[in-house]
Amino acid sequence: MINRTLSKTISEISDLFPVILLTGKRQVGKSTIFEMLKTDNRRYVTLDHYDDRELAKTNPSLFLQRYEPPVMIDEIQYAPELFPYIKIYVDKNRENGLFWLTGSQKFNLMQGIQESLAGRVAVLDMLGFSYKERQNRAFESVPFIPDVTRYIENSVQEEELLLMDLYKVIFNGSFPRLLLNEGKGRDIFFKSYLQTYIERDIKDFHGISNDLKFYNFVRAVAVRTGNLLNYADLSRDVEIDIRTAKTWLGLLERSGLVILLAPYYQNLTKRIIKTPKIYFLDTGLCAYLARMDSPETLEAGYLTGSILETFVFCELLKSYWHNALVPNIYFYRDDDQKEIDFLIEKNGTLYPIEVKKTATPTLKDAKNFDILKKLNKPIGNGAVICLRPSPLPLSENIIAVPAWGLA
Numbered sequence: 042m043i044n045r046t047l048s049k050t051i052s053e054i055s056d057l058f059p060v061i062l063l064t065g066k067r068q069v070g071k072s073t074i075f076e077m078l079k080t081d082n083r084r085y086v087t088l089d090h091y092d093d094r095e096l097a098k099t100n101p102s103l104f105l106q107r108y109e110p111p112v113m114i115d116e117i118q119y120a121p122e123l124f125p126y127i128k129i130y131v132d133k134n135r136e137n138g139l140f141w142l143t144g145s146q147k148f149n150l151m152q153g154i155q156e157s158l159a160g161r162v163a164v165l166d167m168l169g170f171s172y173k174e175r176q177n178r179a180f181e182s183v184p185f186i187p188d189v190t191r192y193i194e195n196s197v198q199e200e201e202l203l204l205m206d207l208y209k210v211i212f213n214g215s216f217p218r219l220l221l222n223e224g225k226g227r228d229i230f231f232k233s234y235l236q237t238y239i240e241r242d243i244k245d246f247h248g249i250s251n252d253l254k255f256y257n258f259v260r261a262v263a264v265r266t267g268n269l270l271n272y273a274d275l276s277r278d279v280e281i282d283i284r285t286a287k288t289w290l291g292l293l294e295r296s297g298l299v300i301l302l303a304p305y306y307q308n309l310t311k312r313i314i315k316t317p318k319i320y321f322l323d324t325g326l327c328a329y330l331a332r333m334d335s336p337e338t339l340e341a342g343y344l345t346g347s348i349l350e351t352f353v354f355c356e357l358l359k360s361y362w363h364n365a366l367v368p369n370i371y372f373y374r375d376d377d378q379k380e381i382d383f384l385i386e387k388n389g390t391l392y393p394i395e396v397k398k399t400a401t402p403t404l405k406d407a408k409n410f411d412i413l414k415k416l417n418k419p420i421g422n423g424a425v426i427c428l429r430p431s432p433l434p435l436s437e438n439i440i441a442v443p444a445w446g447l448a
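So this is what it looks like as structure tokens:
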């Protein structure tokens, strides 16, 4: 077993809340991390099994008698009928750590959680392996902030990844099963993964009948990772209407395959209505859908910059989510089309981040950071995420950091 960063907080949180809900797309290791942490007296059941699912949906009270807490319930989204009965059990017994739940349809789950378990549940998000987890350094992970002093004084010399080594990591992605097999069977894994995802989470769960057209839609989204979302382009390429494109993209969000990143505006309403950027949450699956057949093809092809940016974004998210935190992360683009790849807002301060495919970064790579001054907000240290083997200060308040050293 490879340690996961989240494991250090799950046990602590389980002592504070009666229910933990661990969400994330299929096969990222949700069940495995709970299995590693659970004691012998905790029962286990998965609602992927139709008999148990049917019992949970039609007779929740009997289900909880059969699987009496403490219990771990996999894929809880299949039986939201359980939530009111979990609430009753929790309120009657008043113990922490009673229910460990996993789910791969977060947004579907949240309605039931908010209605029945508000104040009783801790919700955690999980992605595939971070690079630090792959290097057996899971507990060194901290939420990323471009702190020049900390990175220089406390930096551990990262194992240098040459260009093609990095793109091999990106090409294979972060699913545990693939990484434990060193990428063997990659294409078969992703083919089976998508078939299972479409059959179980889309056709059965949401009633979509045209699975081929939906698959083509997922492919069309994959080749747009790291780019501004354009529903008109998506719908035209897949030959569906815009309303369907919005519905299907919502399904991808709910099942944890993609995330929409909002632009930064001081006016919160503008953040909501302005065009977001779209990111796939696993670079290997994204590259597979884009029909990239090797790390070399991926590095030299049209996705090379956007897939690197996607990798960095995922590592940023993991540095927070796997420490049970939620980052306030955005991108910036002004009316003059000047852009900053990412902005992290923390305690009212903005931290700019730029991603560059270079091993020799300079201050020119951070030239757009100055445009933030017009926002009249505190501006913190900035970072250029690049291909250097170790952190390097570019100025008093800007640091270059290797792309694989974030999470």
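Take any residue in the sequence shown, note its place counting from 1, add 41, and you have its number in the working numbering.
Cβ atoms here follow ideal geometry from the backbone N, Cα and C, with glycine treated the same way.
query: In its own chain, which residues sit with a C-beta less than 6 Å from the C-beta of ARG84, not counting the 5 before and 5 after it?
result: Non-local C-beta neighbours of ARG84 in its own chain, meaning closer than 6 Å and more than five positions away in sequence, comprise TYR108, VAL112, ordered along the chain.
Start-to-end residues for the beta strand (DSSP E) that takes in PHE15: Residue 15 is absent from the structure shown; the chain starts at 42 and stops at 448.
task: Write down every uninterrupted run of the alpha helix (DSSP H) in the stretch 332-386 whose length is 4 residues or greater and which is fully enclosed by it, in chain order.
output: Listed in chain order, the complete alpha helix (DSSP H) runs (minimum 4 residues) inside the stretch 332-386 are 336-341, 345-362.
- request: Specify the secondary structure class of ASN268 as computed by DSSP and reduced to three states.
  value: In the structure shown, ASN268 sits in a strand (DSSP, three-state: E or B).
query: Is it right to say LEU253 is buried, meaning 16 or more other beta carbons lie within 10 angstroms of its own, or is it exposed?
result: LEU253 is exposed by the Cβ-count criterion.
- prompt: Are there 16 or more other CB atoms within 10 angstroms of the CB of ALA424, so buried, or fewer, so exposed?
  reply: The residue is buried, with at least 16 neighbouring Cβ atoms inside 10 Å.
task: Mind checking which residues open and close the alpha helix (DSSP H) that includes ASP132?
output: Note, ASP132: alpha helix (DSSP H), 123-134.
message: Using a Cβ-Cβ cutoff of less than 6 Å, which residues in the same chain neighbour LEU275 once the five nearest sequence positions on both sides are dropped?
response: Same-chain partners within the cutoff: ALA261, ALA286.
Inter-residue spacing [alpha-carbon to alpha-carbon] between ARG161 and THR64: Taking the straight line from one Cα to the other gives about 16 Å.
query: Is the stretch 331-338 in contact with the stretch 183-192, if contact means three or more CB pairs nearer than 8 Å?
result: Here the stretch 331-338 makes no contact with the stretch 183-192; the two share fewer than three CB pairs at distances below 8 Å.
- prompt: Where does VAL259 fall in DSSP's three states?
  reply: Looking at VAL259 - three-state DSSP - the assignment turns out to be helix.
- prompt: If you draw a straight line from the alpha carbon of LEU404 to that of GLU122, how long is it in whole angstroms?
  reply: Going from the Cα of LEU404 to the Cα of GLU122 covers about 56 Å.
Whole-angstrom distance between LEU298 and ARG178, CA atom to CA atom: The straight-line gap from Cα to Cα measures roughly 25 Å.
task: Could you check what DSSP says for GLU280 in three-state terms: helix, strand or coil?
output: Of the three classes helix, strand and coil, the one that applies to GLU280 here is coil, per DSSP.
field: Environment of ALA159 [buried if 16+ CB atoms lie within 10 Å]
entry: Looking at its Cβ environment, which holds fewer than 16 other Cβ atoms inside 10 Å, ALA159 is exposed.
query: Taking buried to mean at least 16 other C-beta atoms within 10 Å of its own C-beta, is LEU88 buried or exposed?
result: Answer is buried; the Cβ neighbour count reaches 16.
query: How do the stretch 358-371 and the stretch 216-228 stand: do at least 3 beta-carbon pairs fall below 8 Å, yes or no?
result: No: the two stretches stay apart, fewer than three of their Cβ pairs being nearer than 8 Å.
task: Starting from ASP115, follow its DSSP beta bridges and name the residues at the other end.
output: Looking at the DSSP assignment, ASP115 forms a beta bridge with THR87.
query: Taking the DSSP output, what are the residues bridged to TYR192?
result: Beta-bridge pairing links TYR192 to no other residue.
Contact set for PHE15: own chain, Cβ-Cβ below 8 Å, skip 5 residues either direction: The first residue shown for the chain is 42 and the last is 448, placing residue 15 beyond what the model contains.
message: Using only the alpha-carbon positions, how far apart do VAL264 and PRO304 sit?
response: Distance between the alpha carbons of VAL264 and PRO304: 20 Å.
- request: Let me know the secondary structure DSSP gives ALA475 once reduced to three states.
  value: For residue 475 there is no data in the structure shown, the boundaries of the chain being 42 and 448.
- request: Please list, in chain order, all residues of the same chain as ARG44 whose beta carbon is under 8 Å from its beta carbon, the five residues on each side excluded.
  value: Strictly speaking, residue 44 in this sequence is Asn, with Arg absent from that position. Within the same chain, ASN44 has close Cβ partners GLU174, ASN177, ALA179, PHE180.
message: Taking the alpha carbon of ASP93 as the reference point, which residue from GLU116, ALA444, LEU428 has its own alpha carbon closest?
response: For the residues GLU116, ALA444, LEU428, the minimum Cα distance to ASP93 belongs to GLU116.
message: Let me confirm a value: LYS37 is counted as buried when at least 16 other C-beta atoms fall within 10 Å, else exposed. Which label applies?
response: Only positions 42 to 448 of the chain appear in this structure, which leaves residue 37 out of reach.
message: Suppose you measure from the CA of TYR361 to the CA of GLU395; what does that come to, to the nearest Å?
response: Distance between the alpha carbons of TYR361 and GLU395 is about 18 Å.
query: Quick one: what does DSSP say ILE394 is sitting in, helix, strand or coil?
result: In the structure shown, ILE394 sits in a strand (DSSP, three-state: E or B).
query: Which term fits MET42, buried or exposed, when burial requires 16 or more other beta carbons within 10 angstroms of its beta carbon?
result: Counting Cβ neighbours within 10 Å, MET42 comes out exposed, since fewer than 16 surround it.
query: Below 8 Å, can you find three or more Cβ-Cβ pairs linking the stretch 373-389 to the stretch 57-71?
result: Output reads no: the stretch 57-71 does not touch the stretch 373-389.
- prompt: Measuring CA to CA, which of LEU204, GLU356, GLU437, SER102 is closest to ASP171?
  reply: What sits at residue 171 in the sequence shown is Ser, not Asp. It is GLU356 whose Cα lies nearest to the Cα of SER171.
message: For LEU78 and SER48, which I take to be in contact (beta-carbon distance under 8 Å), what is that distance rounded to the nearest angstrom?
response: About 6 Å separates the CB atoms of LEU78 and SER48; that is less than 8 Å, so the two are in contact.
- prompt: Tell me the DSSP bridge mates of LEU433?
  reply: For LEU433, which the question treats as bridged, DSSP gives the partners ALA441.
Cβ-Cβ distance between PHE354 and TYR392 below 8 Å: The Cβ atoms of PHE354 and TYR392 lie no closer than 8 Å to each other.
query: What residue does the beta strand (DSSP E) around ASP166 start on, and which one ends it?
result: That run of the beta strand (DSSP E) goes 162-166.
field: Three-state class that DSSP yields for TYR320 in the structure shown
entry: Residue state, collapsed to three classes: strand.
- prompt: With 16 as the cutoff for other CB atoms within 10 Å, does ASP206 come out buried or exposed?
  reply: Counting of Cβ neighbours within 10 angstroms places ASP206 among the exposed residues, the total staying below 16.
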